[in-house]
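Sequence lines, in order, name chains A and B.
Numbers 36 to 632, taken from my numbering, label the letters of the first sequence in order.
Numbers 36 to 632, taken from my numbering, label the letters of the second sequence in order.
Only one structure is covered here, and it is reproduced in the block below.
There are 2 protein chains.
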Amino acid sequence: MGRLAGYLPVLDWGRRYDRQAFLSDGMAAVIVTIMLIPQSLAYAMLAGLPPVVGLYASILPLVAYAIFGTSRTLAVGPVAVVSLLTATAAGAVATPGSAEYVTAAITLALLSGLILFAMGIFRLGFVANLLSHPVISGFITASGLLIAASQLKHILGVEAGGHTLIELGRSLLPALPETNLPTLVIGGAATIFLFWSRAKLKPALEHLGLHAGAATLLARTSPVLAVAVSILAVVSLDLEARGVAVVGEVPQGLPPLSLPPLDPGLWGTLLPAAFLISIIGFAESVSIAQTLAAKRRQSIRPDQEMIGLGMSNLAAAFSGGYPVTGGFARSVVNFDAGAETPAAGAYTAIGIALASLFLTPVIFHLPLAVLAATIVVAVLSLVDLGALRRTWRYSRFDFAAMAGTILVTLAAGVEAGILTGVAMSLLLHLWRSSRPHIAEIGQVPGTRHYRNILRHDVLRSQHVLSLRIDESLWFGNARAVEDVIQRSVAERPRVRHLVLNCAAVNGIDASALESLELVSHRLAEQGVDLHLSEVKGPVMDRLAKASFLEHLTGKVFLSHHEAMEALAPEITRLADHADRPAMDASRPFPERGSAAG
Amino acid sequence: MGRLAGYLPVLDWGRRYDRQAFLSDGMAAVIVTIMLIPQSLAYAMLAGLPPVVGLYASILPLVAYAIFGTSRTLAVGPVAVVSLLTATAAGAVATPGSAEYVTAAITLALLSGLILFAMGIFRLGFVANLLSHPVISGFITASGLLIAASQLKHILGVEAGGHTLIELGRSLLPALPETNLPTLVIGGAATIFLFWSRAKLKPALEHLGLHAGAATLLARTSPVLAVAVSILAVVSLDLEARGVAVVGEVPQGLPPLSLPPLDPGLWGTLLPAAFLISIIGFAESVSIAQTLAAKRRQSIRPDQEMIGLGMSNLAAAFSGGYPVTGGFARSVVNFDAGAETPAAGAYTAIGIALASLFLTPVIFHLPLAVLAATIVVAVLSLVDLGALRRTWRYSRFDFAAMAGTILVTLAAGVEAGILTGVAMSLLLHLWRSSRPHIAEIGQVPGTRHYRNILRHDVLRSQHVLSLRIDESLWFGNARAVEDVIQRSVAERPRVRHLVLNCAAVNGIDASALESLELVSHRLAEQGVDLHLSEVKGPVMDRLAKASFLEHLTGKVFLSHHEAMEALAPEITRLADHADRPAMDASRPFPERGSAAG
């Protein structure tokens with residue numbers, strides 16, 4: 036693949052595009068368009084933006100992704116979690132409904148676009164690894180709950196607001212008595228219908244004789260049915276007069292192409308939020324794209340995905356939209372409906388463009404309660420509290436990171452939540468790393484094998500201490516290794532040689548090298564020679580470069596057995612407990628992972 | 036060791052204390068006291084505090100460490116880098132010289148004490164691992180340069196200030212014409228004398244027939260000589276009248292015991308700085324303590340060290356002092372002078388107490404330029420620019436973290452510098468982790484051994500892909516592993532079985548488990564069975580808990596050979612290049628560390 040073509044995947048699949056692909060993509064685009072119209076309106080409302088911004092964000096960004104994206108079936112556009120993040124960030128600098136608020140949302144799209152594009156060019160996709168699975172899963176669960184709670188006001192027809200569960204509760208509870216009954220009926224009915232159709236419509240349609248695939252797709256378009264019926268109800272029963280809030284005037288026409296605002300002060304303020312939106316949007320999107328690609332034994336390129344999503348967000352910023360990313364439900368529908376190439380996304384864009392040209396007068400009478408119902412049903416499917424239980428069973432650490440993320444997100448908002456999650460998972464990883472598994476090893480009698488003395492009946496020498504390090508060495512565990520070696524030697528006064536078995540050491544960073552040099556130096560002062568055995572080739576090259584090997588008091592042995600033959604002709608079963616290293620004694624050295632055998 | 040005695044090391048060594056130890060400790064204390072008097076005055080000046088605060092910080096904190104510390108020879112007190120951090124933090128909330136400034140410094144000692152004590156109790160010493168060697172070494176080098184630059188004003192006798200090299204330069208350059216000549220002569224002479232005595236005095240004394248040990252110790256006390264001579268010069272030549280700034284009035288007497296200020300607002304503001312002071316002070320101190328302990332085949336307990344340093348700082352806060360930690364030069368002198376137990380520190384405290392009772396009238400005439408000279412000479416010995424070259428040769432990543440820390444510290448101050456260093460080293464570690472070494476392996480003909488196909492002439496099956504993962508799996512590399520597996524399988528359409536050799540996998544966290552589940556699921560949809568081989572016991576237990584093994588499409592084999600015998604009866608030399616996995620193809624998968632053999 037040429038260098039330029041690598042950045043423009045469209046050149047690759049575009050050359051082979053044929054009538055068959057066009058028909059498949061077109062059919063998928065029709066279904067995704069029908070699904071996306073209510074979604075884009077609803078998520079714009081969730082983001083605190085005028086509904087038309089949602090439509091704008093569903094046109095040019097899709098075209099941009101079709102040109103630059105590597106997934107053949109990812110459907111880009113407004114999504115729930117990113118809309119919530121947008122609402123939080125824009126709400127911090129402007130009042131929802133104001134022109135400044137829309138400007139802030141557009142600026143977020145611009146900054147996210149620039150950040151993603153730059154990270155893609157510089158291949159910085161690894162930064163998304165900062166979000167561990169427990170953190171992102173906890174964050175999405177908590178966001179889903181927050182979003183659902185934030186939509187209650189629309190279903191009840193009352194005024195309320197807030198960015199945390201506490202704020203939402205405080206503003207919603209006193210407003211309950213003012214619930215608007217017609218709104219509640221419409222919103223409640225829509226919610227129940229959507230939940231029912233999500234769970235039961237597909238089997239019901241199949242029961243009526245529909246093909247399984249068709250039934251799935253038809254069931255997915257049920258929000259459009261809810262929208263249509265509710266508009267009819269509002270118009271025919273004149274519910275607006277009875278207090279049912281509706282979408283109202285939506286400007287008719289195509290998105291205005293315009294330069295996004297260039298306000299350095301605003302950029303600075305919104306930069307951290309834009310970074311969060313970029314990383315979270317990317318992490319979610321790439322995981323959807325990878326799952327769908329695998330189903331057809333295709334693959335995606337994460338770094339180019341960053342460029343694709345970056346261009347999408349830039350397109351959003353230049354056409355009055357707000358931050359977008361790949362949406363899960365919509366991508367699955369696109370896939371199931373048979374989309375074969377990213378062109379399906381471009382055709383969807385045409386569909387949405389037509390809708391914003393011709394459908395906006397109809398949308399005027401759409402009740403906000405029904406949009407809220409589609410949001411609630413969509414986001415509650417993201418809530419996975421069972422993951423808490425599963426993670427608890429697997430690992431207490433990961434559970435702590437997940438629970439911390441959920442609690443802080445609910446109690447203090449999305450930004451504090453995700454930052455807490457990242458900080459916790461990094462600290463917990465550091466903690467785990469600071470307890471590397473190190474085993475004293477001895478010879479299995481009659482063989483050339485050396486095994487953990489705690490698990491096997493092995494032979495050792497009084498004068499030679501053999502330690503096997505079961506991790507790569509880096510700054511997270513360098514100090515702990517120093518510490519264990521120091522304690523082990525301090526408690527074995529007769530030891531004259533220490534042999535470190537490095538078979539499992541895949542890398543040694545500068546901190547660990549410094550530690551090894553310190554250890555070597557300190558051991559020399561205690562009259563103990565330091566030897567290494569079974570050092571891997573690349574690690575050896577590194578150590579040689581740093582002239583560590585020149586100052587080594589001992590030798591480097593190819594095999595541990597060679598080392599023991601040279602240093603300890605006499606080996607026995609050491610019985611005296613006091614001669615065990617410190618890590619096995621009163622203050623046990625914690626095990627994590629463990630030695631083979 | 037009992038639980039209580041663990042927290043009070045004094046109970047351990049105190050029981051065996053005898054006359055011999057008393058004499059050794061007492062002798063060491065005399066020498067350390069002589070060395071510490073000018074140091075404590077100088078570092079207080081560096082911290083922007085009245086000289087007496089330095090004396091106060093060298094009395095009760097030493098007694099507290101003698102009771103709670105685990106190092107037998109560490110000498111606690113004011114040190115250069117912590118003084119600089121104190122000046123930066125206190126300078127952000129108050130004007131140097133004001134009562135509020137002293138209050139801020141005392142509050143920093145209180146908060147550091149509480150933080151260190153709590154971290155010690157909860158065994159959180161691993162947090163210091165956030166500071167990698169390149170970061171801390173770069174930080175100390177840059178701090179040394181900053182401190183030396185900040186003292187130039189005293190040696191020149193001009194007014195200047197600033198927290199970065201740029202600020203210092205900007206305020207110092209215009210002031211140069213106002214240089215006070217007598218001050219420059221005294222300060223310059225002291226600087227030259229101290230540099231000379233550091234390098235040449237010891238050999239000169241030995242040449243005069245002094246014992247090597249005595250010569251070393253005597254050379255270390257040369258700052259006291261500079262102090263004494265300069266006081267004589269000031270008094271006899273009446274240099275104060277000619278513009279030489281002196282220490283001036285120092286309150287005579289013992290430190291006032293008092294409650295530190297309880298101002299929640301101030302606590303909140305100073306907390307981040309206090310955290311930095313705690314972590315940096317601890318990391319430095321524990322490394323000195325460990326080095327000295329090793330020389331006598333003793334060991335220290337890092338968690339108890341946190342408690343010891345925490346109590347020291349609390350003692351400083353309750354007696355009008357400022358943050359303290361273990362000092363390098365002073366601890367080495369204590370060790371060389373023969374200190375046997377922490378009691379030496381308590382005797383030093385008595386020495387400093389006597390000094391603050393009786394010596395303060397003498398100190399009145401001590402020129403600030405001489406104090407500045409002792410600081411410059413002390414901190415320039417911390418500057419190690421050669422480490423940049425050594426680190427560059429060993430690892431570009433570690434070099435980047437070190438250079439970034441130095442540059443940001445010099446250009447934007449100590450707090451920005453250390454935060455940049457920590458963030459860079461974590462991100463670089465993540466980047467390294469996001470490129471785990473994964474090798475396709477094949478059978479060495481005629482053996483049961485499997486080796487990297489890129490390094491050995493091995494046999495493979497068309498239908499079975501064998502990958503060996505050479506790292507523990509965690510959230511930093513989980514996505515990359517997914518990615519490699521996905522690409523490998525996508526480019527090998529005939530593959531029906533994937534066997535992951537897990538011999539080098541010491542742990543799998545929840546993110547990596549999720550990735551493995553995704554991989555397994557995606558492979559199933561492509562008609563590829565996932566098998567594992569040589570899984571370690573504890574990892575196996577984990578996987579079983581998560582019910583991963585129940586959903587596994589393939590099997591878990593004890594040895595890789597067993598797997599190949601069961602899945603691939605026919606193996607050959609695969610020649611077709613197209614059949615190689617993606618990672619070896621056009622976009623090579625970067626190698627780091629590498630396979631054994």
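Ideal Cβ positions, reconstructed from N, Cα and C, are used throughout, including at glycine.
Proximal residues of chain B, C-beta to C-beta of residue i below 8 Å
i, result
"glutamine 186 of chain A", "Chain B residues near glutamine 186 of chain A: none, gap ~29 Å exceeds 8 Å."
"threonine 426 of chain A", "Ala545"
"arginine 577 of chain A", "Tyr429, Ser430"
Test: residue i CB closer than 8 Å to a CB of chain B
i, result
"aspartate 505 of chain A", "yes"
"asparagine 541 of chain A", "yes"
"aspartate 518 of chain A", "yes"
"valine 405 of chain A", "no"
"arginine 531 of chain A", "no"
"arginine 255 of chain A", "no"
Minimum Cβ-Cβ distance from residue i to chain A less than 8 Å
i, result
"aspartate 611 of chain B", "Model confidence at aspartate 611 of chain B stands at a pLDDT of 47, short of 50, so the residue's coordinates are unreliable; what they give is reported in the following sentence. For aspartate 611 of chain B, the answer is no, since every Cβ of chain A falls outside 8 Å of its Cβ."
"alanine 435 of chain B", "no"
"glutamine 339 of chain B", "no"
"aspartate 371 of chain B", "no"
"alanine 374 of chain B", "no"
"aspartate 298 of chain B", "no"
"tyrosine 91 of chain B", "no"
"aspartate 564 of chain B", "no"
"lysine 580 of chain B", "yes"
CB contact flag (residue i, residue j, <8 Å)
i, j, result
"phenylalanine 310 of chain B", "leucine 344 of chain B", "no"
"alanine 184 of chain A", "leucine 203 of chain A", "yes"
"glycine 112 of chain B", "glutamate 340 of chain B", "no"
"valine 368 of chain A", "leucine 229 of chain A", "no"
"alanine 652 of chain A", "leucine 289 of chain A", "Lying before the first or after the last residue shown, residue 652 of chain A is absent from chain A, which here runs from 36 to 632."
"serine 178 of chain B", "valine 116 of chain B", "yes"
"histidine 282 of chain A", "phenylalanine 399 of chain A", "Inspection of the sequence shows that residue 282 of chain A is occupied by valine rather than by histidine. Cβ atoms of valine 282 of chain A and phenylalanine 399 of chain A: closer than 8 Å."
"leucine 146 of chain A", "leucine 305 of chain A", "yes"
"valine 170 of chain A", "glycine 511 of chain A", "no"
"alanine 350 of chain A", "alanine 99 of chain A", "yes"
Residues that residue i contacts on chain A, provided the C-beta gap is smaller than 9 Å
i, result
"glycine 511 of chain B", "Phe161, Asn164, Leu165, Ser167, His464"
"glutamine 497 of chain B", "Within chain A, no residue comes near glutamine 497 of chain B; the closest Cβ sits about 16 Å away, beyond 9 Å."
"threonine 326 of chain B", "Leu553, His556, Arg557"
7 Å Cβ cut-off: residues of chain B touching residue i
i, result
"alanine 525 of chain A", "Arg332, Gln333, Ser334"
"histidine 472 of chain A", "Asn541"
"arginine 431 of chain A", "The premise fails here: arginine 431 of chain A is roughly 10 Å from chain B at the closest Cβ pair, so nothing lies under 7 Å."
"leucine 548 of chain A", "Tyr429"
"alanine 329 of chain A", "Gln521, Arg557, Glu560, Gln561"
Residue i: contacting residues in chain A (beta-carbon distance under 7 Å)
i, result
"serine 469 of chain B", "Phe161, Asn164"
"serine 460 of chain B", "Phe510"
Under 9 Å from the C-beta of residue i: neighbouring residues of chain B
i, result
"alanine 153 of chain A", "Per Cβ cutoff of 9 Å: no residues; alanine 153 of chain A is ~15 Å from chain B at best."
"arginine 51 of chain A", "Those within 9 Å of arginine 51 of chain A in chain B number zero; the least Cβ separation is about 17 Å."
Exercise for the section: Count the C-beta pairs between the segment 240 to 250 of chain A and the segment 210 to 225 of chain A that are closer than 8 Å, then say yes if the count reaches three, no if not. Expected result: Short answer: they don't touch.
Problem - Segment contact, 8 Å Cβ cut-off, at least three pairs: the segment 372 to 382 of chain B with the segment 56 to 71 of chain B - result: Cβ pair count under 8 Å is three or more, so yes.
Practice task
Check whether the segment 539 to 552 of chain A touches the segment 423 to 432 of chain B, taking contact to mean three or more Cβ pairs, one atom from each stretch, closer than 8 Å.
Solution key: Touching, per the Cβ criterion.
Practice task
Report the residue ranges of all alpha helix (DSSP H) runs contained in full by the segment 469 to 546 of chain B; include only those spanning at least 4 residues, in chain order.
Solution key: With a minimum length of 4 residues, the unbroken runs of alpha helix (DSSP H) contained wholly in the segment 469 to 546 of chain B fall at 513 to 525.
Practice task
Could you tell me whether the segment 492 to 500 of chain B touches the segment 471 to 481 of chain B, using the rule of 3 or more Cβ pairs below 8 Å?
Solution key: Yes, the segment 492 to 500 of chain B touches the segment 471 to 481 of chain B.
Practice task
Enumerate, from N- to C-terminal direction, the unbroken alpha helix (DSSP H) stretches of 4 or more residues contained entirely within the segment 190 to 257 of chain A.
Solution key: 200 to 207, 216 to 231, 237 to 242, 247 to 255, all fully within the segment 190 to 257 of chain A.
Exercise for the section: Could you pull out every unbroken alpha helix (DSSP H) segment of at least 4 residues lying fully inside the segment 293 to 380 of chain B, listed in chain order? Expected result: Fully enclosed alpha helix (DSSP H) runs of no fewer than 4 residues occupy 299 to 330, 337 to 353, 363 to 371 of the segment 293 to 380 of chain B, in order along the chain.
Practice task
Say whether the segment 572 to 581 of chain A touches the segment 445 to 460 of chain B, bearing in mind that this needs 3 or more beta-carbon pairs closer than 8 Å, one atom from each stretch.
Solution key: The segment 572 to 581 of chain A vs the segment 445 to 460 of chain B: no contact.
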